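Shown next, in structure tokens, is the structure this report addresses.
Residue numbers (our numbering), protein chains in the order written: chain A, 1 to 422; chain B, 1001 to 1283.
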């Protein structure tokens, strides 16, 4: 097997605050330093991209000394927390932006799908947009023509192909956009989180198509997703990024395991800073009284400790619970929009508690997510994968084994009966 | 390391050479150029009542206004050419130049969402702007030709000269100027956005420093030298001389604007090439 992508010492620096150093005077200062052969005064190597700590310079290394190789025909899943550098890496690979240092060698044609429907024009018909979008992704006209029927039928929009896409439903729009990209004839396909859109059925179809692309046609796929299940299903290799550096590279199952353990454990909770409203989430506890053990069909108490630098009146606190095998959340709540509670965050320390009376989820690995918003108006923060927790298998009386793979994910409190005759 | 170079089809590095224009890539994406031009054209008149007729309306009304303001009120000379023809020539050429310039100058900002998500040779977009506007220019030129026929039947007042053969050359030079200047400015508008505001205003001022509403022959002394330094002046004068027979244009003028245009283009390409690599991080 030959190497399809080789990344050597790639780093990418971003300026914080004012961009481009913002002012002419600093631009000149930098130019003067460089002209005399000195190093750039605004780029200091050696700082990690740790958002919780304030660095000394205004430069953040979104990627630092990233090295890896990808063999032809493998599907690689890239995992990592928000801000770990996944998107930056994909952007550099797709040539949307260039690295600050380092070098990448690529063998074969590369097609990237950082967003579906880039360049779609609402006034143009589906047909016209297929050509425009396809051309933007690097297809020649005759190539698109050859694949046209296939694209249309994959998207399932035969009837509307000559209607302007602004009249499409959002589902149709996304389907069409994905269909174009999925039919690209490239040796390397880069996909960023596009599966977050569309309904479950379509997501399945996309995953199927991508699986076909990687294993069936022997093309190389790079895939970034928060949906760990999708990564597991699709990829054979994994790449775990943390603070802009490669933390681990290897078999997908190992990498995901490491990643899950890393974020999940309660002991090293990474404080969440929500700068916009001056709130820091210092810790989240699950069933503290029960030493963190979450049992199926028992109460679950989620305690969220926050520190705020001001009083906030209009606030909604959210939690989400999701399962590895299920896309989207299995449960979500918002103190205001769901429970209509007017919680007030006061200056100083706060502790918000959510008590789930009967945690009816069967055993398995779950994610706890957290968010804060101004109800109905603005989302300040939302991260579905903050903390991982495990619900152990338990025997419930009389003989109910709560294994999700056998008995479904949710256990409803229910009764059985039978009646006879009329 | 040596063998590496040949092994890869594509190498991504932080620096690329300044004049590596990747013209082969641009050629590969030529279909995209055509589709973008088509998109601009279709999107312009969709859901309008008059459709492409709008291409006529703007120059016609501007012409009427100029005849009234500059011809009647200010009494500026039109070189003894019928007013409508004189102004229409200037307007048609200037509109093309101004559109190319302004659209190219804000190309990064206007297309930030596309550029941030997908890679294709960025040069395609400015090129598509120049070509799209050519369609519009063609339609407006048709209007001018109709007007010329009308005046020829009704008493004339103008005689086209052999310089008309230079018309395509002048058109290309004008496109190059708009493109080049636009690309130079584009680098600055990505960083300092207020320049885009300054531009719309500046272009209006620039029009008055070009012979759109008056002929070069009506100026004397310093003013004459100043306006003559503006390369767009010779483009318009040259077009007038070819189409209408009157205008200050000669071989030296042609040489001058050719040199100016090429400098503009080279500088523009240089700047554009440099900015396109990292502008995504700044917009």
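Positions of the beta carbon are idealized from the N, C-alpha and C atoms, including for glycine.
Because the structure is a prediction, the values reported are computed rather than measured.
Looking at residue i: is its Cβ nearer than 8 Å to the Cβ of residue j?
i	j	result
residue 151 of chain A	residue 180 of chain A	yes
residue 281 of chain A	residue 287 of chain A	no
residue 234 of chain A	residue 214 of chain A	yes
residue 1076 of chain B	residue 1227 of chain B	no
residue 13 of chain A	residue 100 of chain A	yes
residue 372 of chain A	residue 255 of chain A	no
residue 11 of chain A	residue 102 of chain A	yes
residue 1108 of chain B	residue 1200 of chain B	no
residue 302 of chain A	residue 319 of chain A	yes
residue 84 of chain A	residue 241 of chain A	yes
residue 370 of chain A	residue 304 of chain A	yes
residue 380 of chain A	residue 276 of chain A	yes
residue 162 of chain A	residue 140 of chain A	no
residue 409 of chain A	residue 330 of chain A	yes
residue 1178 of chain B	residue 1097 of chain B	yes
residue 1241 of chain B	residue 1161 of chain B	yes
residue 174 of chain A	residue 116 of chain A	yes
residue 1257 of chain B	residue 1173 of chain B	yes
residue 110 of chain A	residue 1010 of chain B	yes
residue 187 of chain A	residue 219 of chain A	yes
residue 1239 of chain B	residue 1167 of chain B	yes
residue 124 of chain A	residue 1039 of chain B	yes
Specify the secondary structure class of residue i as computed by DSSP and reduced to three states.
i	result
residue 1263 of chain B	helix
residue 5 of chain A	strand
residue 334 of chain A	strand
residue 183 of chain A	coil
residue 416 of chain A	coil
residue 139 of chain A	coil
residue 378 of chain A	strand
residue 105 of chain A	strand
residue 1274 of chain B	helix
residue 285 of chain A	strand
residue 1081 of chain B	coil
residue 1158 of chain B	coil
What are the partner residues of residue i, as DSSP defines its beta bridges?
i	result
residue 125 of chain A	A/164
residue 220 of chain A	A/188
residue 388 of chain A	A/367
residue 354 of chain A	A/302
residue 361 of chain A	A/410
residue 133 of chain A	None, per the DSSP bridge assignment.
residue 14 of chain A	A/60
residue 322 of chain A	A/367
residue 249 of chain A	A/239
residue 111 of chain A	A/189
residue 1043 of chain B	Paired residues: none, contrary to the question.
residue 1010 of chain B	A/106
So residue i packs on residue j, CB below 8 Å; how close in whole Å?
i	j	result
residue 1147 of chain B	residue 1243 of chain B	10 Å between Cβ atoms; not a contact.
residue 63 of chain A	residue 94 of chain A	Going by Cβ atoms, the distance from residue 63 of chain A to residue 94 of chain A rounds to 14 Å, so no, they are not a contact pair.
residue 119 of chain A	residue 1114 of chain B	5 Å
residue 189 of chain A	residue 221 of chain A	5 Å
residue 1122 of chain B	residue 1276 of chain B	4 Å
residue 1126 of chain B	residue 1182 of chain B	7 Å
residue 1216 of chain B	residue 1186 of chain B	About 30 Å separates the two Cβ atoms, so there is no contact after all.
residue 72 of chain A	residue 2 of chain A	5 Å
residue 67 of chain A	residue 246 of chain A	7 Å
residue 343 of chain A	residue 317 of chain A	6 Å
For residue i, count neighbouring C-beta atoms within 10 Å of its own C-beta (all shown protein chains included) and say buried if the count is 16 or more, exposed if not.
i	result
residue 1070 of chain B	buried
residue 1193 of chain B	exposed
residue 48 of chain A	Below a pLDDT of 50, predicted positions are generally treated as unreliable, and residue 48 of chain A, at 49, falls in that range; no measurement from the model is reported.
residue 1273 of chain B	buried
residue 225 of chain A	buried
residue 1159 of chain B	exposed
residue 1049 of chain B	exposed
residue 340 of chain A	exposed
residue 1058 of chain B	exposed
residue 155 of chain A	buried
residue 376 of chain A	exposed
residue 1065 of chain B	exposed
residue 1061 of chain B	exposed
residue 61 of chain A	buried
residue 91 of chain A	buried
residue 271 of chain A	exposed
residue 89 of chain A	buried
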